[in-house]
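Note that my numbering gives residue 470 to position 470 of the sequence shown, counting from 1, and the numbers run on in steps of one.
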Amino acid sequence: MKSPYSIRTLLFAACAFPVAGFAQMDYYIASSFGSRFNDVNDSGIAISGGAYFDFATEAWTPMEPEATEMVSINNNGEVAGSMFFDEPNFILQPAYKKNGVWNPIGWFPGSIPQESSFSTYSISPNGVWVTGQMSMGCCDFGTFRYNTDTDELTEIFSPDYVAVAGYVITNDGTIGGWADDEGLGGGTRRIPVYIMPDLEIIPVGAALPQFSTNAVNDINASSVMVGDFDNQPFIYDRNTDEFTTFDIPFGYIAATFTSVSNNGVAVGYAQKFGDFGSLLRDAIIYHPTLGSEPRFLRDVLLINGLDINAPNDRMGTAIAISPNGEYVAGWDDQAPFSANGWVVYFDGLLFEPPACSMECPADIAVIAPQGETSAVVSYEVPFTCGPNPPPGVELVLVEGLASGSTFPFGTTQIIHHLVDGVGNLVNLCTFNVTVSDEFCAPQIQFFVEPITRMVVAGVDHASTVDATAPAHEFFLDVQVNMNAAASYPISLEGYTGGEYINYFTAFIDFDQDGAFNNTDEMFEIGSIENSTGSDGQAATGTIVVPADALTGIPVCGSSKPTGRPPWIRVGAISLDKSRTTRSISLTSARALARTRNRPSRSTPTQLMTF
């Protein structure tokens with residue numbers, strides 16, 4: 001530690017280099033309140049909202065007094081941010097620093113500054129362009145593009161979109177960001193787009209997104225774009241028109257790439273909700289040499305011997321990677337306004353092969369035998385070491401179940417560490433095993449909102465209101481006896497996650513064909529609003545058993561989405577039918593997904609299987 005302002009950790013990679021020339025990874029975290037970093041360049045100069053930080057010397061330099069905020073820095077030390085427009089009335093404006101001098105950008109001619117707002121986001125690598133978002137009045141938002149050579153401020157609005165935002169700008173003036181077409185029945189839908197120098201707005205992706213928040217967050221020198229699409233991180237290569245999305249890390253509900261280097265390293269974060277709606281984040285990193293899916297940055301550091309001791313095993317937000325791919329900047333797992341900034345330095349070691357490599361299995365999905373709630377799953381995690389392997393290398397299972405174990409319904413994360421004889425981590429492998437029945441394998445995209453109670457045909461079954469419980473609960477031991485050609489009232493309760501409307505749908509596979517594709521196999525039960533799940537509020541409906549329903553054990557399902565009920569939902573209630581009396585085993589469809597701000601589109605928030 002060089003100063004009381006920081007905690008700093010060094011990694012010496014002795015195994016990969018001669019003794020005379022150690023390479024080192026380095027990690028710095030600031031100890032001061034609200035010191036989050038917004039960007040970093042190839043020289044290791046990072047910027048917070050109000051200061052410069054030199055990674056090599058750990059020196060902090062206050063922002064120039066004429067500026068009010070810094071958000072983006074390039075390799076020339078040119079900065080985008082803001083400064084005062086009218087200091088007595090505290091009205092700001094976009095600004096940039098070039099040749100050591102801060103310069104105002106001003107407002108759109110049609111904007112009334114005291115009634116309008118803006119956000120500056122990016123300065124181009126060559127310092128010619130600055131972009132961000134600016135409004136005309138309170139609510140009409142467009143993108144601004146400013147040329148620092150000609151002082152030309154360009155407004156970018158479109159009749160096709162209600163709002164446009166620019167997050168990044170390249171040397172030729174191409175902008176990446178989003179455009180909102182309110183395409184979800186009048187609800188917000190931010191489409192990831194790039195804006196050509198001639199101001200043509202081009203969506204990214206093979207189809208339009210189904211969720212509300214999406215964006216192009218960064219573009220590198222090779223026109224490779226990164227961002228998020230329907231809660232998944234993506235990479236789009238404009239040269240080849242190749243669009244690739246990646247899996248959301250296990251245990252999280254969304255992920256994004258925030259930045260990409262010129263050598264193709266993407267960084268970002270995975271996100272989930274904690275107590276009282278707080279956001280919990282962990283930094284992720286991706287490059288094909290590191291694996292086929294994003295990895296947690298802390299794991300990559302740990303493989304190289306660098307343990308950052310992240311609180312709660314979450315590193316926080318990786319917001320920027322330097323163009324050369326050597327530095328990553330961000331902040332720890334706190335609210336951004338109070339977070340502590342950190343910087344990682346790879347020192348050329350990111351692509352160095354480990355002493356031992358592991359063949360990590362792809363995620364495994366297994367369908368359990370009918371009527372079973374578990375399945376035996378076997379897997380292999382082979383590893384190979386180089387000519388001078390560390391002594392005593394062994395594979396250690398640190399989380400999950402061993403190969404050949406009986407895995408329960410749901411997803412189990414498996415983590416193996418490869419350690420040497422003295423316990424040092426050499427490599428690690430993480431994958432997931434998901435066991436489901438053939439009817440009930442929902443993908444939970446957002447919030448878990450439990451179905452907490454079901455009353456039907458004399459059965460009163462309750463389930464937990466805990467939103468951190470597994471998204472899909474199975475109650476195959478619960479049977480509901482029903483007769484053919486009879487009707488039964490059904491009542492369902494659940495947690496809505498606040499002032500939202502949730503709709504319930506029940507499915508019963510009466511003909512036992514493995515699909516809920518008949519009109520008499522889906523039942524709209526009704527809706528609840530702003531319910532705690534235990535306040536007695538219930539949706540009610542009727543289950544009508546066809547006269548020709550097959551005897552045996554059909555599958556039942558119940559799903560609960562927010563917003564307007566869709567024409568069909570994924571869900572499950574397992575039904576056990578014998579003779580003329582149907583014994584319905586209910587699958588407590590606990591949690592699919594919730595969409596808070598799209599009243600016109602519904603996503604399941606819960607799935608119960610009985």
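Positions of the beta carbon are idealized from the N, C-alpha and C atoms, including for glycine.
So is residue i buried or exposed if we call it buried at 16+ other beta carbons inside 10 Å?
{"i": "residue 370", "result": "exposed"}
{"i": "residue 334", "result": "buried"}
{"i": "residue 399", "result": "exposed"}
{"i": "residue 479", "result": "buried"}
{"i": "residue 242", "result": "exposed"}
{"i": "residue 90", "result": "exposed"}
{"i": "residue 220", "result": "buried"}
{"i": "residue 328", "result": "buried"}
{"i": "residue 563", "result": "Low per-residue confidence applies at residue 563: pLDDT is 45, beneath 50, and the placement is therefore not dependable enough to give any value."}
{"i": "residue 448", "result": "buried"}
{"i": "residue 196", "result": "exposed"}
{"i": "residue 114", "result": "exposed"}
{"i": "residue 326", "result": "buried"}
{"i": "residue 172", "result": "exposed"}
{"i": "residue 354", "result": "buried"}
{"i": "residue 86", "result": "exposed"}
{"i": "residue 56", "result": "exposed"}
{"i": "residue 581", "result": "Note that residue 581 scores 33 on pLDDT, short of 50, meaning its location in the model is unreliable; the coordinates nonetheless yield the value given after this. It counts as exposed."}
{"i": "residue 282", "result": "buried"}
{"i": "residue 423", "result": "exposed"}
I need the straight-line Cα distance from residue i to residue j, nearest angstrom please.
{"i": "residue 205", "j": "residue 236", "result": "8 angstroms"}
{"i": "residue 135", "j": "residue 492", "result": "45 angstroms"}
{"i": "residue 473", "j": "residue 177", "result": "39 angstroms"}
{"i": "residue 497", "j": "residue 208", "result": "27 angstroms"}
{"i": "residue 49", "j": "residue 212", "result": "28 angstroms"}
{"i": "residue 338", "j": "residue 332", "result": "10 angstroms"}
{"i": "residue 316", "j": "residue 272", "result": "11 angstroms"}
{"i": "residue 258", "j": "residue 342", "result": "16 angstroms"}
{"i": "residue 457", "j": "residue 541", "result": "12 angstroms"}
{"i": "residue 62", "j": "residue 94", "result": "19 angstroms"}
{"i": "residue 80", "j": "residue 218", "result": "15 angstroms"}
According to DSSP, simplified to helix, strand and coil, what is residue i?
{"i": "residue 71", "result": "strand"}
{"i": "residue 483", "result": "strand"}
{"i": "residue 180", "result": "strand"}
{"i": "residue 198", "result": "coil"}
{"i": "residue 192", "result": "strand"}
{"i": "residue 347", "result": "coil"}
{"i": "residue 323", "result": "coil"}
{"i": "residue 312", "result": "helix"}
{"i": "residue 519", "result": "helix"}
{"i": "residue 34", "result": "coil"}
{"i": "residue 94", "result": "strand"}
{"i": "residue 360", "result": "coil"}
{"i": "residue 46", "result": "strand"}
{"i": "residue 212", "result": "coil"}
{"i": "residue 455", "result": "strand"}
{"i": "residue 465", "result": "coil"}
Taking the alpha carbon of residue i as the reference point, which residue from the options has its own alpha carbon closest?
{"i": "residue 508", "options": "484, 536, 529", "result": "484"}
{"i": "residue 276", "options": "466, 539, 328, 111", "result": "466"}
{"i": "residue 330", "options": "535, 324, 320, 337", "result": "320"}
{"i": "residue 462", "options": "253, 288, 536, 222", "result": "536"}
{"i": "residue 411", "options": "374, 397, 255", "result": "374"}
{"i": "residue 270", "options": "42, 202, 295", "result": "295"}
{"i": "residue 344", "options": "360, 297, 355, 362", "result": "297"}
{"i": "residue 611", "options": "159, 230, 232", "result": "This structure gives no information on residue 611, because the portion of the chain shown stretches from 1 to 610."}
{"i": "residue 112", "options": "139, 128, 127", "result": "139"}
{"i": "residue 357", "options": "363, 378, 388, 366", "result": "388"}
{"i": "residue 203", "options": "185, 165, 415, 186", "result": "165"}
{"i": "residue 495", "options": "519, 532, 488", "result": "532"}
{"i": "residue 174", "options": "145, 155, 191", "result": "145"}
{"i": "residue 214", "options": "240, 451, 232, 308", "result": "232"}
{"i": "residue 539", "options": "550, 548, 505, 545", "result": "505"}
{"i": "residue 32", "options": "336, 361, 323", "result": "336"}
{"i": "residue 129", "options": "117, 154, 313", "result": "154"}
{"i": "residue 148", "options": "201, 163, 102, 407", "result": "102"}
{"i": "residue 30", "options": "24, 54, 314", "result": "54"}
{"i": "residue 253", "options": "228, 239, 261", "result": "228"}
{"i": "residue 488", "options": "543, 28, 520", "result": "543"}
{"i": "residue 84", "options": "413, 180, 117", "result": "117"}
At which residue ranges does the stretch 241 to 302 contain complete beta strand (DSSP E) runs of 3 or more residues, listed in the order of the chain?
-> 242 to 245, 254 to 260, 266 to 273, 279 to 286
Just list the beta strand (DSSP E) runs in the stretch 96 to 164, keeping only unbroken ones of 3 residues or longer that don't cross its boundaries, in chain order.
-> 101 to 104, 118 to 123, 129 to 136, 140 to 147, 152 to 156
In the stretch 371 to 439, which residue ranges form an unbroken beta strand (DSSP E) of at least 3 residues, counting only runs that do not cross its ends?
-> 374 to 377, 383 to 385, 394 to 399, 405 to 408, 410 to 419, 425 to 436
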